[in-house]
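These protein sequence lines are chains A and B, in that order.
The numbers in my numbering rise by one with no breaks, and the one at position 285 of the first sequence is 285.
Plus 1000 on top of the position in the second sequence (first one is 1) and you've got my numbering.
To start, the structure under review is shown below, and the notes come after it.
Protein chains: 2
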Amino acid sequence: MSVDPLVIFTPSGKRGRFPRGTPILTAARQLGVDLDSVCGGRGICSKCQITPSYGSFSKHNVDVKPDALSEWNKVEERYKEKRGLKEGRRLGCQATVQGDVVIDVPPESQVHKQVVRKRAEARDIVLNPSTRLFYVDVAEPDMHDPSGDLERLRDALRTQWDIDNVAADLHILQTMQPILRKGDWKVTVAVNLGDAENPPRIMHIWPGYYDGTLYGLAVDLGSTTIAAHLCDLQTGAVLASSGVMNPQIRFGEDLMSRVSYSMMNASGADEMTRAVREGMTTLFDQIAAEAGIDAGLIVDAVFVCNPVMHHLFLGIDPFELGQAPFALATSNAMRLRATDLGLNIHPAARVYILPCIAGHVGADAAAVALSEAPDKSEDLVLVVDVGTNAEILLGNKDKVLACSSPTGPAFEGAQISSGQRAAPGAIERVEIDPETKMPRFKVIGCDLWSDAPGFEEEIAGTGVTGICGSGIIEMVAEMRMHGIVDAPGLIGTAEQTGSAAVFADGRTNSYLVYDGTANGGPRITVTNRDIREIQMAKAALYSGARLLMDKFGVDKVDRIVLAGAFGAHISTKHAMVLGMIPDAPLDKVTSAGNAAGTGARIALLNVGARAEIEQTVREIHKVETAIEPRFQEHFVNASAIPNAVEPFPILNSIVTLPDATFNTGGETGDAGGRRRRRRA
Amino acid sequence: MSVDPLVIFTPSGKRGRFPRGTPILTAARQLGVDLDSVCGGRGICSKCQITPSYGSFSKHNVDVKPDALSEWNKVEERYKEKRGLKEGRRLGCQATVQGDVVIDVPPESQVHKQVVRKRAEARDIVLNPSTRLFYVDVAEPDMHDPSGDLERLRDALRTQWDIDNVAADLHILQTMQPILRKGDWKVTVAVNLGDAENPPRIMHIWPGYYDGTLYGLAVDLGSTTIAAHLCDLQTGAVLASSGVMNPQIRFGEDLMSRVSYSMMNASGADEMTRAVREGMTTLFDQIAAEAGIDAGLIVDAVFVCNPVMHHLFLGIDPFELGQAPFALATSNAMRLRATDLGLNIHPAARVYILPCIAGHVGADAAAVALSEAPDKSEDLVLVVDVGTNAEILLGNKDKVLACSSPTGPAFEGAQISSGQRAAPGAIERVEIDPETKMPRFKVIGCDLWSDAPGFEEEIAGTGVTGICGSGIIEMVAEMRMHGIVDAPGLIGTAEQTGSAAVFADGRTNSYLVYDGTANGGPRITVTNRDIREIQMAKAALYSGARLLMDKFGVDKVDRIVLAGAFGAHISTKHAMVLGMIPDAPLDKVTSAGNAAGTGARIALLNVGARAEIEQTVREIHKVETAIEPRFQEHFVNASAIPNAVEPFPILNSIVTLPDATFNTGGETGDAGGRRRRRRA
């Protein structure tokens, strides 16, 4: 009888003996079991719900009697009556140990819950937010022992929650005194728990018990769009996702034209900084409205972006990023105050910007690395974030390499004669008939192929307006597969190709996809110049990947992850026919969606991931394509479709590409000489 | 011959053997000798000047030969030619050890120089500023090993100056890149070296070697005036001192009326915060213009103020300070950014506000404690900062007590019928003729007594406009000494007093000091109500001091220090006749001038003093007069002139006060019942 009862927690398996009458929450804390509590055991918050298990547990060698826990007390009864409690649940702070017992901590009672990601191959996110809620009893002021209200609040956080050296912005000092008195010296405090660089910090104070949550934003600041996820920092749930156009577009479609704008205009960088911050304000208002929350409760925000956007967002002139040696002002992760950036969220909110990998490989690429974790991969993975500029990662748990490659905006439909952004009316899928060599296609917003009955009626609203990025890739690949374009990239004549859709167009030939002129729409064609643009874009992408493979000392990769919105819509077979990506089994080429945005969300929900990605980025080997002579060589070879020298054995086992050559001595088919450095 | 030469540094006495060819600067650094250098030994800054001594030094047991140091090299020659070098001086970074040598480090070559204070009893200030200059060579960006410019700058500070983990505000990132390039990767960096709470921080960057200095402000933010010293952080010199009226005066003369204004007006506190910050802007522009410097080079500012000003300056509603228990929002020292307070100095400038001692005893009192250091005193010292509110410190190296006492503004000439601020035309000295009982006086701006020939001509410009604080103290003390006022504080009749200057004035009597009506000036009198005001003010002051003596367990103090501008002009004999201060030898009553301002200057020039005063303040025993029953008792006793119960033996050995009593049953002479709590 003198032995204290045994308490065993599941799923952690932690166990210990505690005197009869010990609250379960106390036992959990002493054992380091992850059991949540905001009110600190006062029976207010119900975050510490646990499920006792009764009966015989041979695994634990313990018998749990029906009276192993104390009877329901008034606090628990009242809580159950007012707020409800699931069958079998008890409040961990009220139920006390009376005999040996097995206690299950359900996921929602764990602070560090797992936030499940939808993709099968993705690791779950361990919830570990920067900012949490703590309910405290603050000592009242005493004229015999004068001290500031803040100092007594800090004492309360230290003695009641072991949070030491907590700081507070001026904002807190300016609002704290009436709140303490309104709550009769009981308050709920949102505390940012700090990191290696920063002490814990009081973010907000509510009188009494605050029965709400805290919010965070994960923002992917792209050249074209700014997209954000609004997350609940207590559950990890995404409450709303929203996006706006980056208002900087008025200064230039792609990044280099924005860098040029800042070079040509004395206050150009400032204007663009203002524009992007205004866009941010619009977005944050919009997303808060969508979720029906107060933007003032957003206490944390994580940003990912490419280096130029990074600098413009921070108010740094991107001048140096426009020329070798592409020197970043800073490459480290940034920890700032929202007010430093003029953001319309909580005035004390903190901002975290992921580190940049190099002058062309930004915080967005770091976020992709965090999301796709090549550094934790057993097999060799190539991760390509396909945007206007491609960021490429290659590695496994031994080593990760990174580079960027200037694909230009062709993959987004820009610089293509009939190109357009992905929007209703845009051609997104293409097939060329092997016999007639005539095209059929699908447009965004319509499920029918263009040769199906009723297609014209279905698309009457939008018309057929152009070809988007994934459409142009399929188009060119189909043209190559069906002998309309040769390996060097020349469109043959109608005669050479046997296609009535080919027509002479100046010194080269073009391919008619759709003639909408009868309905007042455009005539959609693929010109040889369009082919050249795609050749250059895909050659840039491939040669970046190939360069990393050289550096890694391999000729093939185990799998390929396509990140970016574009990657989600691309046909892997067609991409491989084009020679955009290295030869690989088609089922080993997967799409990660907006991996940069996901990386931002991971860094938002788990502060541990911030230190982790900072370490990863330090260890990534950066490869600068601009100064690697082999990049040029790879680029020239990769200008051919699919490639002038690489064998692509897996691709060849799936499709047989015709051996046609249309060169009549005019065009060389080598687009390498026109290579530009473009950024986006 | 195999023994390395001996290098002995004076005045430190540090010594060590170094290989021939070791620069003196290197030897000094290795021994931890305080020898300044901004350029790090490149022969640019000349901060490391030293004076070698030659000959035989029996004290050190060393002979210094004429060739103990290397010959002048080109760098030294060129420096001497261009900039000049005092006779006997060498540059420590260029001159190398060739034989045993004695090296004197002159004060101006020491980083931690002594800054001498004028007062004999004051300890010198050891210069140890927050922010110093460092010249560095920064690695150029390298595409093979990409990193941010900031990261390479940080590396340079770490490897060249042992400054690790240096942070930078966004402002630095926004301006740094062109500066690095303009300086061809050689820059001078102002680094705030940080403290227990904060990492080192880059404050400013100049291309190449910056041949200037850095500035700091020590600001005494008073209820009536805001005064500042502008200091050179490299020499400790005060370059300019300036003051402006506190614009908050339009919301109320004294602090309680400002607290009331904030209570009565929803945005009252905000208005007052804006006003005081505007005053600050005016002052800083003014002082920078006066010294002919760029206010943008002011990188550090220290503020001292009373608790109400403290809160209003920080934008905290002083509501709680207007009522028991007088709870401060925060009592700790504050470390802020100048931009948080809207100050027009360097955008990265840091602000330090001294800790408050209690709800009535502010950062100004802490500054007085830092300046007068009662905690380091061997004898028992009473320090009184006489303002509208008196802060009182009593202690020695064993223990220090503090309280504040609500003297009200009478000592500043307010609430006195003919009172005025100290300004030309104000009566500041008074003597009453023992025979005629008629007054004579001196006014500010004129050296003649009022009964001297030519007085009227001398003062024709200003006239005689009123009585200032020190004047009214002498006036009342003289009236008591010459039997015009009795101990309880009643003015006798002309008959009782034998003075033709006394005249009946309603139910009481008044005393005519000067009649300027013939020249259109005022008729200056002392009414019995004026006597009452002075009685209450001085009783508050005395009873605060007496209460601390009770708590300390003593009946007398060894010495008294009067701080505050008012303290500088007061006649100690008259103050003791009034019973303002405890009985003490007159030569043991000294004036410290603006000790609060001096304390601010100490904290500005020596960051070590900040940690020191924070520790001192934690250890000070705070006494709240409002809840001490004995305070009331002391107050009632101290209403008599000099005191109803205290013997004042030293005073009695100097002056004999008449034993008159003018009470005819009307006034009681006890002002205690009308005691108010006033603040300033």
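Don't be surprised by glycine CBs; every beta carbon is placed ideally from N, CA and C.
Here the stretch 1609-1624 of chain B lies against the stretch 143-152 of chain A, with 3 or more beta-carbon pairs under 8 Å apart. Here B:Gly-1599 is near B:Val-1368, since their CB atoms are less than 9 Å apart.
For A:Trp-161, the enclosing alpha helix (DSSP H) covers residues 149-161.
Between B:Ser-1058 and B:Cys-1403, the alpha-carbon positions lie close to 55 Å from each other. Between B:Gln-1049 and B:Leu-1091, the beta carbon gap of about 6 Å places them in contact (Cβ cut-off 8 Å). In the pairwise beta carbon analysis, the stretch 217-234 of chain A is classified as touching the stretch 304-311 of chain A: at least three pairs are separated by under 8 Å. The Cβ atoms of B:Pro-1129 and B:Leu-1239 lie no closer than 9 Å to each other. Nearest CB-CB separation between A:Ala-611 and chain B: not below the 9 Å threshold. For a Cβ distance threshold of 8 Å, nothing in chain B lies close to A:Ser-470: the least Cβ distance comes to about 32 Å. Sequence-distant partners of B:Asn-1606 (beyond 5 residues in either direction) whose C-beta falls short of 7 Å from its own C-beta, in its chain, are Ile-1125, Val-1126, Leu-1127 and Asn-1128. In the structure shown, A:Glu-612 adopts helical secondary structure according to DSSP, grouped into three states. Ranked by Cα distance from A:Pro-199, the options A:Leu-217, A:Leu-401, A:Val-485 and A:Arg-350 are led by A:Arg-350.
Assignment of A:Gln-49 by DSSP, reduced to helix, strand and coil, places it in the strand class. Distance from the CA atom of A:Ser-510 to the CA atom of A:Gln-496, rounded to whole angstroms, is 13 Å. The C-alpha of A:Pro-647 lies about 42 Å from the C-alpha of A:His-229. DSSP places B:Leu-1180 inside the alpha helix (DSSP H), whose first and last residues are 1170-1182. The straight-line gap separating the alpha-carbon atoms of B:Gln-1286 and B:Ser-1046 is approximately 32 Å. At least 9 Å separates the CB of B:Cys-1305 from every CB of chain A. Among the bridge pairs identified by DSSP, A:Leu-562 is matched with A:Val-384 and A:Ser-591.
Counted as a single uninterrupted DSSP element, the beta strand (DSSP E) harbouring B:Asn-1192 occupies residues 1186-1192. With a cutoff of 9 Å on beta-carbon distance, A:Gly-567 and A:Ala-596 are scored as not near each other.
Around the C-beta of A:Met-203, 16 or more other C-beta atoms lie within 10 Å, and the residue is accordingly described as buried. 9 Å or more divides the Cβ of A:Val-361 from the Cβ of A:Val-561. Identification of residues in the stretch 601-632 of chain A having a C-beta nearer than 8 Å to some C-beta of chain B yields Lys-622, Glu-624, Ala-626 and Ile-627, given in sequence order. For the stretch 1143-1158 of chain B, residues whose beta-carbon sits nearer than 8 Å to a beta-carbon of chain A comprise Met-1143, His-1144, Asp-1145, Pro-1146, Ser-1147, Gly-1148, Asp-1149, Leu-1150 and Glu-1151. Per DSSP, reduced to three states, the secondary structure at B:Ile-1581 is coil, with no helix or strand assignment. Between A:Val-115 and A:Val-219, the CB-CB gap reaches or exceeds 9 Å. Bridge pairing for B:Met-1536: absent [DSSP]. Following the DSSP letters along the chain, one finds B:Tyr-1261 inside the alpha helix (DSSP H) bounded by residues 1255-1264.
In the structure shown, A:Gly-544 falls within a helical segment according to DSSP collapsed to helix, strand and coil. Rounded to the nearest angstrom, the gap between the Cα atoms of B:Val-1430 and B:Ala-1410 is 17 Å.
In its chain, beyond the 5 residues on either side, Leu-1562, Gly-1567 and Ala-1568 have a beta carbon closer than 6 Å to the beta carbon of B:Ser-1591.
Per the C-alpha coordinates, the member of B:Ala-1539, B:Phe-1134, B:Pro-1052 and B:Ala-1156 positioned closest to B:Pro-1106 is B:Pro-1052. The criterion of a C-beta distance shorter than 9 Å is not satisfied by B:Leu-1321 and B:Val-1400. Along the stretch 331-354 of chain A, the positions whose C-beta sits under 7 Å from a C-beta of chain B are Ser-331, Asn-332, Leu-336 and Asp-340, read in chain order. Under DSSP, A:Phe-57 takes part in a beta bridge, and its partners are A:Val-62.
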